[in-house]
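This is how it looks when you write it as structure tokens:
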């Protein structure tokens, strides 16, 4: 065993340029910034830390690294030990990847990261969790990152409890993906201006336990909400917001209540609203700077229920009288004989100069529907056309999934 360890140590020494058997150590003579640049290329915190055994010159070099990467398989005790020994003032980027990480494992190092990190935290948990209900897996208590500028949490359905106190003073970017939220503190409380005064970009994707969401922010510029199927109420008061995307929200087939939303964003430039829309319950305030709008896909063929959904999407586009660019998604559902051509029900579009058409034709001829759309606005000066085929698997899957949710809702509505 000692022979093997000695062999590995000599290999590491040779790789690092440290003299073996009294040879000249030229690498250690390099300045710290050059050595740090070399260690950064490893992108492996534990390996970088092990260079401290090479020579006295290397003992504290790794602790000055501005970035620490802990790849999949890193022992959580090593993460905790590295964060304890690292110079907290130097740490600007922490990346941790794991497989089937439990809340107990993450809790071993996350509080240390919160105290020292002054930049970006990216924590990604992958792999299938066990089949135990989310409440039985335990929850991870998120500490307050007072000095972090960006936090990305992709937890693969780990339960998360948000900090009830503390201010994320420097946080500008927050991304939450595949998380099960638990109380008592709500996401609405954490991301509003009183606790995130510098927040500019917020992305919430596939988060459960978020039925009602309210954000009041003076700094927020970009907001993205994706796959929040159980969302029922959304309230946004964001005076600086310029880009808003709501995608596959309000789509829970078990909840047939009207979605409720109130959006106050007077500086909004881009609106992508691919969620449920009803003008009686989804309210948009004045948006004089709006330049681009994307709506729910329009089904070219369908029955009465699909027609009603199309009508609501068209009402959203007609809500805004003057915008520069309108993006319409045309989707061809399989025709079974009793569906009718629905494009003729489109009689009006807002005054636009640029039209973007995304067409998923599924083998159908799309000329008639495209020309009908073009006739609706005489002010169009530019046309962009994107044809989505089955080869475009990623885009086609997203559109098909979105239409699948629509068809489920239509079916349930028809059964009432």
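In the UniProt record's numbering, the protein residues as written are 1 to 416. Even glycine gets a Cβ: it sits at the ideal position worked out from N, Cα and C.
Query raised in the report: Leaving out the 5 sequence neighbours to the left and right, which residues in its chain are closer than 6 Å to residue 120 when beta-carbon positions are compared?
Result: 93 and 150
**Report entry** Start-to-end residues for the beta strand (DSSP E) that takes in residue 214
**Finding:** 212-217
Query raised in the report: What residues are listed by DSSP as bridge partners for residue 237?
Result: 216 and 264
Report task. Measure the CB-CB distance between residue 268 and residue 283 and report whether it falls below 9 Å. Result -> no
Report task. Measure the beta-carbon distance from residue 62 to residue 81 and round it to whole angstroms, keeping in mind my assumption that it falls under 8 Å. Result -> Actually they do not touch by this definition, with Cβ atoms about 12 Å apart.
Requested in this report: Go ahead and pull the three-state DSSP assignment for residue 44.
Outcome: coil
Query raised in the report: What three-state label does DSSP hand residue 395 in the structure shown?
Result: With a pLDDT of only 46 at residue 395, under 50, the local geometry of the prediction cannot be trusted, and the value read off the model is given with reservation. In this structure, residue 395 counts as helix in the three-state DSSP scheme.
Query raised in the report: Is the CB-CB distance between residue 375 and residue 353 below 9 Å?
Result: no
Query - Enclosing alpha helix (DSSP H) for residue 466 [first to last residue] - result: No answer is possible for residue 466: the residues shown for the chain start at 1 and end at 416.
Query - Cβ-Cβ distance between residue 207 and residue 181 below 9 Å - result: yes
**Report entry** Range covered by the alpha helix (DSSP H) that runs through residue 116
**Finding:** 110-116
Query - Cβ contact check for the region 216-229 and the region 190-199: 3 or more pairs under 8 Å - result: yes
Query raised in the report: Smallest Cα separation from residue 329: which of 66, 358, 347 and 251?
Result: 358
Query raised in the report: When the Cα of residue 168 is compared with those of 302, 51, 343 and 117, which residue comes out closest?
Result: 117
Requested in this report: Consult DSSP for residue 333 and reduce its assignment to one of helix, strand or coil.
Outcome: coil
Query raised in the report: Skipping 5 residues on each side, what residues in its chain have a beta carbon closer than 6 Å to that of residue 211?
Result: 230 and 232
Query raised in the report: Taking just the CA atoms, how far does residue 385 sit from residue 303?
Result: 26 Å
Requested in this report: Use the C-beta contact count for residue 98: other C-beta atoms within 10 angstroms, 16 or more gives buried, fewer gives exposed.
Outcome: buried
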